[in-house]
Every structure is written in structure tokens, then in C-alpha cells.
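Enquirer: Input: one structure, supplied below.
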Amino acid sequence: MTITQSIPDTTHKLHGMLMSPFSMKLRAYLRYRRIPFQWCNNARAHEIAMTKVSTYMVPVIEYPDGTFENDSTPIIDKFEENITARRTDPENEADAFLAYLIEDFADEWLLWPFFMHRWRLEADQKHNSQWILYEALQGNVHDDDFATQSEFWANRQIQGIKLLCGSPDYDELLDNSLQAFLSIMEKAVSRRLFFFGSRPSRAEIAIYGILSQEIQDLSASSFMYEKYRFTTRWVSIIDDMSGVEGDWEPLSTDTEKLLTSPLAEILKLSGKYHLPLLLANETALANGEDVFSFDIDGTEFTRRSHKRHETCLPMLRKRYAQLSGESKYALKTVLEETNCLKYLADDAA
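Sequence positions in the sequence shown follow the UniProt record's numbering and run 1 to 349.
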């Protein structure tokens, strides 16, 4: 072993925060892929997000060539394409599509019940804003502006709830969707860690990103530890899988196995909440409308339209269209029975 005077520079910097679900998602991804990076979680992460990318949001990855990017899914797509070892896209084409769809479900639907839990109650507002600021200030809670800044941060997020989670009338609906998902996860992770074999896909990593927040937020952590203790433990395992070695086990090749898998149960939630939201949002944006509505079990869910969802459904449709005929046939039954196919295929009717 050669002795050196300094640690060699890593090739990437991940500017993020512990209380950012997409920061944790991308950190877990880089760890599993064994892609060298520095974890930069301080006030500079917010400065980078404000000055180096078009949309203010962490995480921001800084590439070796000095460029910056901050949308986790396209970032993962690039690494999947350019680095072959330890990919998180399953080898089976149909399974890879399902992993991408579940990732989008986590990113674009589970985000909202999490966000509601984090900022709806006064106790959570105080606790969570102070935890966020503590990390940004690197522990300096005695700063004269600490209380003012944490209150400002909480108020900013509270306004976001009104716009993005709808009125408090929808709290129960959002919570029910999360509880249904967590019940599926608790059963699934009580049997095995991963959906597609003995190694993680991008689906598990995206789910981890959201749940990494639920196990640390004040109110959410309480019900996580009480009702979903194995899922809570699973989150800690997914945090660093750099030592995991495993194999893919095709799921979509066996229709009956797929239909009785946890993935099919999650797809039902996608067909009930996630994909209808994307379609309603897409329609509203196309018509220049500020709000959209869609029906969930007889409840008209109304929310502000949001450009963050704008590319999601077109990309899902594109990926589905690119599947081989064999893969589409393998997925047809499960996508039909979970109410997903009509949102993905132009010829679904």
C-alpha cells in the first residue's frame, strides 16, 4: 500500500441536506453504485441551488467538469447509461419499466403526504424547521437570527402546503394513501429487502428517499416506529448499500407472480392517485388553468397545478412506447388490473 500525504479528490460533489428526500435518494444511489462523491450538507448547498441551477432545489450534483444539475431522475438516468457496473435498472426490460414507474410514484405522489405531515401541525413546523436550520448552520443554534430564520422557513413551507397539498380537508385522503402504501411495504420488507431479486432497483431507492424523512420528522416518526417498525428498519439499511452484492430475479416473466407481488399493490395506488394526478395536472397546464381536480373514491381532489410534474407523464408514456412487444405483453395484465395502462398507452382502449 502506497502512503500518500492527502486523500485523493473525489470526482463528484453532492450538495444536499439530510431533510431533503431527493438529497437522500441521490446519496443512497451514489453509495450503492460506488460512485465517488463528497457529501456537502451546509448552507453552501442552498447557495449552490440558488445560483448554479435554474430551479431552486436541493440536491445539486456538481460534476467533475464543473457543471451542475438538480433533478434526481435525469441524474440517475445519466449514471445508468454511462456506468454499467451495479446499475439499478433491472436487466429485464419490463421490470426496468416497473422500477421507473414506482420511482415516479414515490417522487410525484408520496412526496405530498410526506410534505403535509412535515408542515401541517404547529409542533412539526417548529421542530422540523429548526432541524433544517441546525444542519444548514452546522450546529450554531445560538445565532441571534436562529429563531427568526427557522420561523421564516416554516412559514415559507406552510404556504407551500396550501398550494401543493390542497386544503386541510384533504389531509385524511393524503394520509390514507400513505398508510395504504406503508402497509404494503411493511408486509413486503418483512419477507425480503428488494422487489426484483437480491439487489436494489431505482424503485427502492426512490421510496427510501421519501421514507428517510418520515422516520426523522416529529409526528411521522412516531407512527412509523409504532406501526411500521420493519419498514423503519429497512430505511436504515437502504441508506448505505455500498456493500450489497446481489442478482436480478425477473418478475414480469411470471404474470401470476407479478399479480400477487407487492409491486402490483403499489401499482394500484399509482393508478388511483399518482397517474390521475399527472393527467389532471397535464390537462390543466395545457389549458392554462391554475388548478386541477380529479376524483378519488368519490372525493374531488383539487390542487394547484405545478410545472414540476410537467414532464413526468410524457416521459412515462415515452418509456412505455419504447418497450418491445414482448415486454408490453408481459405487463398488459398487471397494468390493466391496476388502472395504470390507460394513462401510459395511446392504444389502451
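Ideal placement from N, C-alpha and C gives every residue a C-beta, glycine not left out.
Helix, strand or coil for Q130? Go by DSSP, reduced to three states.
Expert: Reduced to three states, the DSSP call for Q130 is helix.
Enquirer: I'd like the list of long-range same chain contacts for L86, defined as Cβ closer than 7 Å, with 5 residues on each side in sequence excluded.
Expert: In the sequence as displayed, the identity of residue 86 is Arg instead of Leu. Excluding positions up to five away in sequence, the list reads Y32, R33 and R34.
Enquirer: Compare the C-alpha of G197 against each of A154, I210 and E249 and name the closest.
Expert: The option with the nearest alpha carbon to G197 is E249.
Enquirer: So, are the CB atoms of L316 and L344 less than 7 Å apart?
Expert: Contact flag set, yes.
Enquirer: Using CA coordinates, which residue listed in F301, S183, V189 and H46 is at the minimum distance from L173?
Expert: The residue with the shortest Cα to Cα distance from L173 is F301.
Enquirer: Name the residue from N70, L26 and L331 whose alpha carbon lies nearest to the alpha carbon of L258.
Expert: Checked all of N70, L26 and L331; the closest Cα to L258 is L331.
Enquirer: Are the beta-carbon atoms belonging to S212 and V235 less than 7 Å from one another?
Expert: For S212 and V235, yes; Cβs fall inside 7 Å.
Enquirer: Suppose you measure from the CA of K52 to the CA of S252; what does that come to, to the nearest Å?
Expert: Near 41 Å, if we compare the C-alpha coordinates of S252 and K52.
Enquirer: According to DSSP, C40 sits in a beta bridge with which residue or residues?
Expert: Answer is H15, bridged to C40.
Enquirer: Where E135 and D247 are concerned, what is the direct C-alpha to C-alpha distance, given to the nearest angstrom?
Expert: Using only the alpha carbons, I get a separation of about 37 Å.
Enquirer: Would you identify the three-state DSSP class for D239, choosing helix, strand or coil?
Expert: In this structure, D239 counts as coil in the three-state DSSP scheme.
Enquirer: Between the alpha carbons of K342 and A280, how many angstroms are there, rounded?
Expert: Roughly 14 Å between the two C-alpha positions.
Enquirer: By Cβ distance, which residues of its chain are closer than 7 Å to R229, with the 5 residues on each side in sequence left out?
Expert: Nothing meets the Cβ criterion.
Enquirer: Within the same chain, show all residues whose beta-carbon is closer than 6 Å to that of T11, passing over the 5 residues directly before and after it, in chain order.
Expert: These residues qualify, in order along the chain: P36 and P64.
Enquirer: Going by C-alpha distance, which of E265, G160, S54 and E93 is nearest L178?
Expert: For the residues E265, G160, S54 and E93, the minimum Cα distance to L178 belongs to E265.
Enquirer: What does the alpha-carbon distance come out to for the pair L182 and T231?
Expert: Rounded to whole angstroms, L182 to T231 spans 8 Å at the Cα level.
Enquirer: Report yes if the CB atom of C312 is closer than 7 Å to the CB atom of L278, and no otherwise.
Expert: Their beta carbons are under 7 Å apart, which means C312 touches L278 by this criterion.
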